[in-house]
Amino acid sequence: MSNPPVRQDRPARARTGRRLALVLTATGVLVAGATIALAPSASAGTTLAASAAERGRYFGTAVAANKLSDATYVGILNREFDMVTPENEMKWDATEPSQNTFTFGNADRIVASAQANGQRVRGHALAWHSQQPGWVQNLSGSALRSAMVNHITRVASYYRGKIYAWDVVNEAFADGGSGGRRDSNLQRTGNDWIEVAFRTARAADPGAKLCYNDYNTDGQNAKSNAVYAMVSDFKARGVPIDCVGFQSHFNAQSPVPADYQANLQRFADLGVDVQITELDIEGSGTAQADNYARVVRACLAVSRCTGITVWGIRDSDSWRASGTPLLFDAAGNKKPAYTATLNALNGGSTPPTTTPPPAGGGCSAAVTVNAWNGGFVATVRVTAGAGGTDGWAVGLTLPAGAALVNTWNATPSGPSGAVQFRNVAYNGRLTAGQTTEFGFQANGSAGTLTPSCTAS
Ligand code: G3I
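For the sequence shown, counting from 1, position 400 maps to 400 in the working numbering; every step adds exactly one.
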C-alpha cells in the first residue's frame, strides 16, 4: 500500500527561500535557532513566480501541450511561472474520448514538463457541462451519473499525488439573476451531482485541494451568492471542498468589480482557500496594467487567496487573442501589464492608502452599493480625520424590508433598521487620513444609504 500523498500547500520556490537560522553560542557551539529566517532568493522580485512566492503565493498560467515545442513560449513559462493549468488537455473530451478509454498523452506531457521545472499543477476540469465527448452528451440519468463518477475516479486516481488542486466542478451556476443552477445534462441527473463529484474526487486523490470554479462570480451578485450558499452548505454538512476558483475573465463589458476583494474575502471567511484561476483582462497600456495591479493587490489582501493563474502566456496564446488580454505580447515581450503585476506582487506600486483627512478630525464614511433584484452589497470606506482613530463606528439606516445577511471587516449592532457598524480588532486604529473598508450584504433594497462616522 502506498503512503497517502501529502497535500502540497507551500509554493516550491518559497520553500527554497527559507533557511534555518544558526546561532553561535558563548561556548562556541553552533545550534539551530528557534526562528526560521526568510532568506531572499536570488531571483526575488524579478519574476512573477519568485515575487509571488515571497508573498506566500503561486503565480501560474494555462499551458497548451502543442506549444511545448515553442522555445519562446517555454522560455517564458519556465522563467516566470510556478503553477501550471492544462488549458484543455484534462477536460472530459480530451481524457475519455470514448467510454472507459482514457487518453492522457497531452496532459502527461504538461505534467512532466511542470515536474521537470519545479512547477505544480492545477487540474482542470473533472465535471463540466462543456467540452464533453459525444458519448457523454448522449447520456442522461443514472447512466450519466455513473459515467461521471467513473470519469472522476479514473482521472483523479491516475494523477493522484501530482495535482495541487482540482477544479472538480466547473461553471455549474446560471448567469443572470436567477441565483440557481445552470441547466445541463449533469444537473438533470439530480441536484446532488456536485457534492457527489466532490466526494468522488476526495476518495480518488485525498491530497489534492478540491475547488469549485466559475466565471461572473468575481463580484457579489446573484450568481456568486448562489455559489456562496452552496459552499456554506457544503462546509456545514462536511462535503469536502477546499477552495473556490474565480476565473476573472475581464473586459469592458465585464470589468474588475469594485467589490472584488470583498467578494474573495467573504468566501475565504467560509473556511476555503480562494484562487484566481483564469485571469485575463482585455485592453492595453496603462488601463490594462492598472487593472492587473488591482487584481494582484486584491489577492494579496486576502490571506487565503493562495495564488493567481493567468489564462495563457502571450496575447497570441489567448482564447480571445484579439483582446490582447495577457502579460506578454505576441513576440514574448513584457507588456506594461506585466510590469504592473510584478510591481504589485513586490508591493512597490501600492496606491496611497491615505486620502486627505476630513476637516475637523473624527472620521468620514462613504458608501458604494452593488444592487440586484432582491439584494445588495454595500462597501463602506472609512477615512480617519486629522487626529486618527483608536476605533470607529459607522451608523447607517437600512430601509424597511432590508436585512443584513453577512458583514465583513466590521461588527453590526443588529440586523435591520438603524445599525451601528463597529471596527473589528485589526482595523480600528487609523492614522490621520488613513482609510479602511468594510462591507455587508443585505436582502431587500438599499434605498439611499447615508452613513455617519464616529471616531473614538
Ligand atoms: O485543437 C483543435 C484544432 O485541431 C482544430 O483545428 C480547431 C478547430 O476548431 O479546434 C482546436 O481545438 C480548440 C481548442 O480550444 C484548442 O485551441 C477547440 O475547438 C476550442 O473549443 C477550445 O477552446 C477552449 C475552450 O475553453 C473550450 O473548452 C479554449 O482553448 C480554452 O481557453 C477555454 O478555456 C475555458 C476554461 O476551460 C473554462 N473557463 C472559460 C475558459 C475560456 O473559455
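Here a beta-carbon is modelled for each residue, glycine too, at the ideal position from N, C-alpha and C.
Span separating the alpha-carbon of residue i from that of residue j
i      : j      : result
PRO97  : LYS162 : 22 angstroms
VAL196 : GLY395 : 44 angstroms
TRP92  : ALA127 : 7 angstroms
VAL111 : VAL121 : 7 angstroms
GLN99  : THR153 : 13 angstroms
ARG294 : PHE102 : 41 angstroms
THR340 : ASN291 : In the sequence on display, residue 340 carries Ala and not Thr. Straight-line Cα distance between these residues: approximately 9 angstroms.
ASN423 : ASN333 : 45 angstroms
GLY401 : SER413 : 17 angstroms
GLN265 : SER113 : 33 angstroms
ASN251 : GLN261 : 18 angstroms
ALA71  : PHE421 : 55 angstroms
GLY118 : PHE59  : 13 angstroms
GLN255 : GLY323 : For the sequence presented, residue 255 should be read as Pro rather than Gln. Going by the C-alpha atoms only, they are around 13 angstroms apart.
VAL239 : VAL272 : 12 angstroms
ARG429 : GLY388 : 7 angstroms
ARG314 : LEU449 : 44 angstroms
LEU68  : ILE308 : 21 angstroms
SER452 : ASN443 : 22 angstroms
LEU144 : ASP205 : 22 angstroms
GLY385 : THR61  : 43 angstroms
GLY433 : TRP392 : 14 angstroms
SER445 : VAL149 : 42 angstroms
ASP280 : PRO336 : 14 angstroms
ASP108 : ASN216 : 30 angstroms
TYR159 : ALA365 : 51 angstroms
GLY285 : ARG297 : 18 angstroms
ALA174 : SER456 : 45 angstroms
ASN88  : ALA64  : 7 angstroms
THR454 : THR368 : 19 angstroms
LEU342 : GLY45  : 7 angstroms
GLY283 : ARG320 : 11 angstroms
ALA458 : ASP183 : Here the chain covers residues 1 to 456 and nothing more, so residue 458 does not appear.
ALA425 : GLY105 : 52 angstroms
PHE198 : GLU278 : 21 angstroms
MET90  : ASP192 : 23 angstroms
CYS243 : ASN346 : 25 angstroms
MET230 : SER416 : 25 angstroms
SER316 : ILE276 : 21 angstroms
GLN247 : GLY362 : 40 angstroms
ASN427 : VAL419 : 19 angstroms
ARG79  : ALA301 : 25 angstroms
Per-residue burial, residue i [other beta carbons within 10 Å of its own, 16 or more giving buried]
i      : result
GLY123 : buried
GLY375 : buried
GLY33  : Unreliable positioning characterises GLY33 in this predicted model, as indicated by a pLDDT of 31, which lies under 50. A coordinate reading is not provided.
GLN115 : exposed
ASN66  : exposed
GLY411 : Looking at the sequence shown, residue 411 is not Gly but Thr. With fewer than 16 Cβ atoms within 10 Å of its Cβ, THR411 is classed as exposed.
ALA287 : exposed
ARG188 : exposed
SER303 : exposed
ASN221 : buried
ASP167 : buried
GLN253 : exposed
GLN306 : Checking the sequence shown, residue 306 turns out to be Thr, not Gln. Its Cβ being crowded by 16 or more others within 10 Å, THR306 is buried.
VAL23  : With a pLDDT of 32 at VAL23, under the threshold of 50, the modelled position of this residue cannot be trusted; read the value that follows with caution. Flag for VAL23 reads exposed.
SER146 : exposed
ASN263 : buried
LEU141 : Leu is not the amino acid found at residue 141; the sequence shown has Gly there. Exposed, by the Cβ-count rule.
ASP218 : buried
SER157 : exposed
SER130 : exposed
Decide if the stretch 377-384 is in contact with the stretch 329-338; the criterion is three or more beta carbon pairs, one per stretch, under 8 angstroms apart. These segments do not touch.
Would you check if the stretch 198-214 and the stretch 222-237 touch, i.e. whether three or more CB-CB distances between them fall below 8 angstroms? yes
Between the stretch 435-453 and the stretch 402-422, are three or more C-beta pairs nearer than 8 angstroms? yes
Within the stretch 364-436, note down every full alpha helix (DSSP H) run reaching 4 residues or more, in order along the chain. none
Between the stretch 217-229 and the stretch 164-182, do three or more beta carbon pairs fall short of 8 angstroms? yes
Whole alpha helix (DSSP H) runs in the stretch 284-313 with 4 or more residues, listed along the chain? 285-300
In chain order, which beta strand (DSSP E) runs of at least 3 residues are fully inside the stretch 143-215? Taking 3 residues as the shortest admissible run, the stretch 143-215 contains the following complete beta strand (DSSP E) segments, listed from N- to C-terminal end: 165-170, 209-214.
Quick check: the stretch 44-55 against the stretch 65-84, are at least 3 beta-carbon pairs closer than 8 angstroms? yes
On the three-pair Cβ rule with 8 angstroms, is the stretch 54-72 touching the stretch 134-146? no
Quick check for students: name the residue ranges of the alpha helix (DSSP H) that lie wholly in the stretch 222-277, counting only runs of 4 or more. 222-237, 260-268
What are the complete beta strand (DSSP E) segments, minimum 3 residues, inside the stretch 36-99? 58-63, 83-86
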